[in-house]
Amino acid sequence: MLQQSWPLFLDLLDENPQKAFSEFYSFARKLLTVKPPRTLQELSKPESEDMIQDIILHCVQDSFRVLRRYQDRGKPFAAWLYILAHNKCLDYLRGLKREVETTSGGFEPGSKDHATLCSDPDIDPEVRTRLHSVIELVGTCVSKLGDYCELLLKCAADEYTPSEIVLVLGWPKDKNKKVSDDLRECRKRLRKMLEAQGVDLTNVPYAQTQS
-4 MLQQSWPLFL
6 DLLDENPQKA
16 FSEFYSFARK
26 LLTVKPPRTL
36 QELSKPESED
46 MIQDIILHCV
56 QDSFRVLRRY
66 QDRGKPFAAW
76 LYILAHNKCL
86 DYLRGLKREV
96 ETTSGGFEPG
106 SKDHATLCSD
116 PDIDPEVRTR
126 LHSVIELVGT
136 CVSKLGDYCE
146 LLLKCAADEY
156 TPSEIVLVLG
166 WPKDKNKKVS
176 DDLRECRKRL
186 RKMLEAQGVD
196 LTNVPYAQTQ
206 S
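Residue numbers (the working numbering): -4 to 206.
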């Protein structure tokens, strides 16, 4: 089922909502426990369990409002859900660290570099401001690359290997090279988009470790 771009429970949202919920619940729990996003791994076990429940609730509340927005674009539904879960966890972590976030230069909460910058009193405030603007621009550019590239880049940022990304996508193992090549191409496209905006990550302090 992880390879399906349109799981059967999506056809049951109106016809049999109880069965749709049951099958989606099983699907989501399996995906988020077998290979959770790094942002979910940052949480304690009780917090992680609560977050999984919150993600599922977010998808099914208001008569499956979020699930109904899903569009089949030929990629696994699991990849879409993975991105949604990653973003929900990231929002949660940002909420926990909001006070630190305002002075940290905007690095992703939970990352080692983010934590280092948050506690380093020697970083120039102007550098923090510059980093914040660069990372906001990176986020904007990534969102314009499409769901597939967004997934690959976020998995890579979570330090997933190509073989692990293949698992997230629900693809067979012989797709490792394709994922590796596609990730390289996505990074190239992202770099070109940033350069078009006048941003060269090699000239941004601390940013090299984030790309």
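Using N, Cα and C, we set each Cβ at its ideal position, and we do this for glycine too. All figures in this text were calculated on a predicted structure; none of them were measured in a lab.
Under the three-state DSSP convention, the category residue i falls into
i    : result
R64  : coil
G134 : helix
D176 : helix
N171 : helix
L55  : First, the residue type needs correcting, since residue 55 is Val and not Leu in the sequence shown. Helix.
Q48  : helix
V194 : coil
S128 : helix
S235 : Not covered by the structure: residue 235. The range shown for the chain is -4 to 206.
Limits of the unbroken alpha helix (DSSP H) element including residue i
i    : result
T34  : 33 to 36
W75  : 72 to 91
L148 : 142 to 152
F4   : Where F4 is concerned, there is no enclosing alpha helix (DSSP H), given that its DSSP letter is neither H nor E.
L25  : Looking at the sequence shown, residue 25 is not Leu but Lys. From DSSP, the alpha helix (DSSP H) with K25 extends over 12 to 29.
V163 : 157 to 164
Residue burial classification, residue i (beta-carbon count within 10 angstroms, cutoff 16)
i    : result
L62  : buried
K149 : buried
W1   : exposed
A218 : Because the chain in this structure spans residues -4 to 206, residue 218 falls outside the shown range and cannot be described.
D153 : buried
P167 : exposed
L3   : exposed
T135 : exposed
Presumed contact (8 Å Cβ cut-off) between residue i and residue j, rounded CB distance
i    : j    : result
K14  : E159 : Their Cβ separation, rounded to whole angstroms, is 31 Å, which puts K14 and E159 out of contact at 8 Å.
K83  : H127 : 22 Å between Cβ atoms; not a contact.
T137 : E145 : One point to set straight first is that residue 137 is Val, not Thr, in the sequence displayed. Right, the Cβ-Cβ distance comes to about 5 Å (below 8 Å), so this counts as a contact.
V163 : Y77  : 6 Å
H261 : P41  : Any property of residue 261 remains undetermined from this structure, which presents the chain solely from -4 to 206.
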